[in-house]
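S.K.: Quick note on numbering: the sequence shown equals residues 456 to 1170 in my numbering.
Structure incoming, see below.
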Amino acid sequence: MASVPYPFTAVVGMDDMRLSLLLNAVQPGIGGVLVRGEKGTAKSTIVRGLTALLPAIDVVPGCRFSCAPQSPDLECPDGPHEPGASVSRPTRLVELPVGASEDRLVGALDIERALAEGVKSFEPGLLADAHRGILYVDEVNLLHDHLIDLLLDAAAMGASYVEREGVSVRHAARFLLVGTMNPEEGELRPQLLDRFGLTVEVSASRDPEQRVEVVRRRLAYDDAPAAFAARWADEEQALRERIAAARALLPSVVLGDGALRQIAATCAAFEVDGMRADIVMARTATALAAWAGRAEVTTDDVRQAALLALPHRRRRNPFDAPGLDEDKLDETLEEFAPQEQPGEQPRGREHEEGEGGDPGPDDGPGGPGGGGGQPPQDGPPPAAPETSDAPEGHTTSEAPGDPEVPEVPAQPRPKEGVGAGEQRAVSAGEPFRTKVLTVPGLGEGASGRRSRARTEQGRTTGARQPQGPLTKVHLPATLLAAAPHQRARGRSGRGLVVRRHDLRQATREGREGNLVLFAVDASGSMAARQRMSAVKGAVLSLLLDAYQRRDKVGLITFRGTEAELVLPPTSSVDTAASRLESLPTGGRTPLAAGLLKAHEVLRVERLRDPARRPLLVVVTDGRATSGGRAGGGSGADAMALVRRAAGLHAADGVASVVVDCEAGPVRLGLAARLAADLGGRAVALDELRAEAIAGLVKDAREDLKKEADTAGRVA
């Protein structure tokens, strides 16, 4: 990577993302930005470019926690600080890797020294490094949940707390939080989405002229980074000055009662939970006014704030489509518009595209930091769209930091030649709460909520000698290991003498996420009895359950003469749901092909992630009417192939569940036989509901009560 960052003002398009970052630079209280988008859309490049625009900060010399000399943290672990002395350094960009541990994020106590010497020694983590700077988390949706909780708690409180074995450390941690994610790799929980102040959706431009400009600038930067950056130095300086001017103006911006009523009415109209959205909208609208050089918040500011602060707060489950109904937004703003706002008009639908970053009508070339006479897209694009010569329409860019051209995910297409009787896709039934399906045994996979596993978080189940750095000390076991040696160690009256080999690591048990691979029968036998809607509803319910339990999911369908991997294993359950919705049905039943395809997928995934244990869920009535890819063979031959394919899964020890979709007065019990061959268990489609299990338990309790009452009367 070149030592000279790609200039922020040289990025083509990406107006909403750049505006959101600049607003957070002006008003850090907004709470950061979550950027959702496909790969190769300049997400990382823009964040790194923003760092160069922020002013240098003064810090206390030698302080590892970047305390400000004017107001040092009174509880700083490196304090107390002497007043007066200061040094200046650039604003930091701290990147949190996906594989970071809790100790790396929040810091670590030297537990060995604390126990053996009574010395409280603390090594700061990334939260301390990011104080008064930018903390950038690429692929934030792939972080473990407990790390995201710690990260967002620190961002909300402005401080980080580390407490272990009775030793407590607290330090300031105020930073601009920027997270990026590819939705195809999984969603964040709604509770975590709400903690990000703003969110933006980005995608690469489909306009050839814009793509040409992206490539041209990227090649020029790669050839001579310093010379390329020098070409944009004036625009960078203008934007730097504008940030400083907006920060200075921010305290004097007036947020009137009329604007506050519009904010409250908008949040109520879109039924967002809690009050965080109202507060974030108010801060964002104020920052928009300061960015535009105005001293009062307008309706236009409130509208733009809503488009940035509300879409991600309306998602209550992973199948909800993101976005905001702009017609409804305009109606709400008009209904609650202040009585007197001369010269201001609410923005309409004509502003949907091409001006996504324009913060207001007062912002032009003559405004603070205006970009008149700049090269194309070189000034602060949200503030001065008139300086851009880009074509109208969607103005997102290809990533200057990553020349990879994104591809549109391929949608599943109906197979040709799968046999007669193919039917159109039917809609899924209403999802419901399912019974818990687990993998037996004790795993060691990624943190989740499905199966039992040894984890870093959870209840303590025992102790062992540490293998590597000691993180969670088991104090009773450590004392028991040290106690027999006290006389030999010359123990004095001051306390127990503990050596390094006495220390014991606590073993903990929690829950892990699994790979749930669905193999769904989409043949004519499933559709003929109008069961596919119920089957899709059941699979949709299991997908929702997988989302809540932090699983990866994959989807295989089989019909006609072959099986198809509709969705490779991913954390994006909403993608699986969309593929399921468009699933056509019809043709013969190649059950053996479906099982063999599942075996191959699990074999590959076992190589990629050996610690993640699989759960195979086969949704079928158990019939097999096609004997492999050739489609030949009798029914007996087809069933023999099924038994052999099932035996492969049983030999690998794969946990399996067969959802029995057989219906009608006469049932063959083929799904139960398949479950036995897989070494798993069968669950009837109607029994998949958690409510059904609860009803069976209730009926059993009532029967026992009646028997007890009868026995009492006889006695």
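Where is the CB? At the ideal position from N, CA and C, for every residue including glycine.
The structure presented is a predicted model; accordingly, all values stated were derived computationally and were not measured.
Quick check: residue 407 and residue 1031, are their CB atoms within less than 8 Å of each other?
M.R.: Not covered by the structure: residue 407. The range shown for the chain is 456 to 1170.
S.K.: Would you mind sorting residue 1043 into buried or exposed? The rule is 16 or more other CB atoms within 10 Å of its CB.
M.R.: Classification of residue 1043: buried, given that the 10 Å Cβ count is 16 or more.
S.K.: Across the region 1061–1077 and the region 954–964, are there enough close Cβ pairs to call them in contact, namely three or more that are closer than 8 Å?
M.R.: Contact between the region 1061–1077 and the region 954–964 is absent, because fewer than three Cβ pairs lie under 8 Å.
S.K.: List the whole-angstrom C-beta distance separating residue 1072 from residue 971, where the pair is believed to meet the contact cut-off of C-beta under 8 Å.
M.R.: Residue 1072 to residue 971, Cβ: 6 Å. Contact.
S.K.: Less than 8 Å separating the beta-carbons of residue 918 and residue 929?
M.R.: Yes; because the gap between Cβ atoms is below 8 Å, this pair is in contact.
S.K.: DSSP three-state label for residue 664, please.
M.R.: Helix at residue 664.
S.K.: With DSSP as the reference, label residue 815 as helix, strand or coil.
M.R.: Because residue 815 carries a pLDDT of 40, less than 50, the predicted location of this residue cannot be relied on, and the following value inherits that uncertainty. If DSSP states are grouped into helix, strand and coil, residue 815 belongs with coil.
S.K.: Determine the extent of the beta strand (DSSP E) in which residue 499 is found, giving its start and end residues.
M.R.: That residue, residue 499, is in no beta strand (DSSP E); its alpha helix (DSSP H) goes 498–506.
S.K.: Does the Cβ of residue 466 have 16 or more other Cβ atoms within 10 Å, making it buried, or fewer, making it exposed?
M.R.: Answer is buried; the Cβ neighbour count reaches 16.
S.K.: Could you say if the region 546–558 and the region 578–589 meet the contact criterion of at least three C-beta pairs nearer than 8 Å?
M.R.: Yes, the region 546–558 touches the region 578–589.
S.K.: When you compare the region 620–635 with the region 658–671, are there three or more beta-carbon pairs, one atom per stretch, that lie closer than 8 Å?
M.R.: As far as the Cβ criterion goes, the region 620–635 does not touch the region 658–671, which means the pair count is below three.
S.K.: Indicate the three-state DSSP secondary structure (helix, strand or coil) for residue 1007 in the structure shown.
M.R.: Residue state, collapsed to three classes: strand.
S.K.: The beta strand (DSSP E) with residue 1069 in it runs from where to where?
M.R.: Run containing residue 1069: 1069–1075, per the beta strand (DSSP E) assignment.
S.K.: Can you tell me which residues form a DSSP beta bridge with residue 1030?
M.R.: The partner list for residue 1030 (beta bridge, DSSP) is empty, contrary to what the question assumes.
S.K.: Sort 1100, 1028, 1144, 1117 by Cα distance to residue 1132 and report the nearest one.
M.R.: It is 1100 whose Cα lies nearest to the Cα of residue 1132.
S.K.: Below 8 Å, can you find three or more Cβ-Cβ pairs linking the region 706–719 to the region 749–760?
M.R.: The answer is yes - the region 749–760 touches the region 706–719, with three or more Cβ pairs under 8 Å.
S.K.: Could you work out which residue in 564, 743, 584 is closest to residue 476 when comparing CA atoms only?
M.R.: Per the Cα distances, 743.
S.K.: Would you check if the region 886–898 and the region 529–538 touch, i.e. whether three or more CB-CB distances between them fall below 8 Å?
M.R.: The answer is no - the region 886–898 does not touch the region 529–538, with fewer than three Cβ pairs under 8 Å.
S.K.: Quick one: using the 10 Å Cβ neighbour count with 16 as the cut-off for buried, is residue 539 buried or exposed?
M.R.: With fewer than 16 Cβ atoms within 10 Å of its Cβ, residue 539 is classed as exposed.
S.K.: Nearest by alpha-carbon distance to residue 1021: which of 1005, 1004, 1039 is it?
M.R.: The shortest C-alpha separation from residue 1021 is found at 1039.
S.K.: Do residue 783 and residue 701 have their C-beta atoms within less than 8 Å of each other?
M.R.: No, the pair does not count as a contact, with Cβ atoms beyond the cut-off.
S.K.: In the DSSP assignment, the alpha helix (DSSP H) including residue 634 goes from what residue to what residue?
M.R.: From DSSP, residue 634 is part of no alpha helix (DSSP H) but of the beta strand (DSSP E) over 631–636.
S.K.: Using only the alpha-carbon positions, how far apart do residue 1111 and residue 1143 sit?
M.R.: Roughly 15 Å separates the two Cα atoms.
S.K.: DSSP state of residue 601, grouped into three classes?
M.R.: Looking at residue 601 - three-state DSSP - the assignment turns out to be helix.
S.K.: Taking 6 Å as the limit between beta carbons, can you name the residues of its chain near residue 1139, skipping five residues before and five after?
M.R.: Cβ within range, chain order: 1115.
S.K.: Taking DSSP as the reference, what is the three-state secondary structure of residue 906?
M.R.: Of the three classes helix, strand and coil, the one that applies to residue 906 here is strand, per DSSP.
S.K.: Would DSSP call residue 406 helix, strand or coil?
M.R.: Outside the displayed range of the chain (456 to 1170) lies residue 406, so it cannot be described from this structure.
S.K.: Look up residue 721 in the DSSP assignment and say whether it is helix, strand or coil.
M.R.: Residue 721: helix per DSSP, three-state reduction.
S.K.: Going by CA-CA distance only, name the one from 1035, 634, 986, 1095 that's closest to residue 1080.
M.R.: Closest option to residue 1080, Cα to Cα, is 1095.
S.K.: For residue 720, which residues of its own chain have a beta-carbon under 6 Å away from its beta-carbon, when the five flanking residues on both sides are left out?
M.R.: Result list for residue 720: 787, 791, in chain order.
S.K.: How far does the alpha helix (DSSP H) with residue 544 in it extend, from its first residue to its last?
M.R.: Note, residue 544: premise wrong, no alpha helix (DSSP H); beta strand (DSSP E) at 542–544.
S.K.: If residue 977 and residue 1012 are in contact, beta carbons under 8 Å, what's the gap, nearest whole angstrom?
M.R.: Yes, residue 977 and residue 1012 are in contact; Cβ-Cβ is about 5 Å, under 8 Å.
S.K.: According to DSSP, what are the bridge partners of residue 550?
M.R.: According to DSSP, which records beta bridges pairwise, residue 550 is partnered with 591.
S.K.: Nearest to residue 763 by alpha carbon, out of 615, 1102, 722?
M.R.: Checking every option, the nearest Cα to that of residue 763 belongs to 722.
S.K.: Do residue 487 and residue 674 have their beta-carbon atoms positioned less than 8 Å apart in this structure?
M.R.: No, they are not a contact pair.
S.K.: Quick one: grab the DSSP three-state call for residue 786.
M.R.: Of the three classes helix, strand and coil, the one that applies to residue 786 here is helix, per DSSP.
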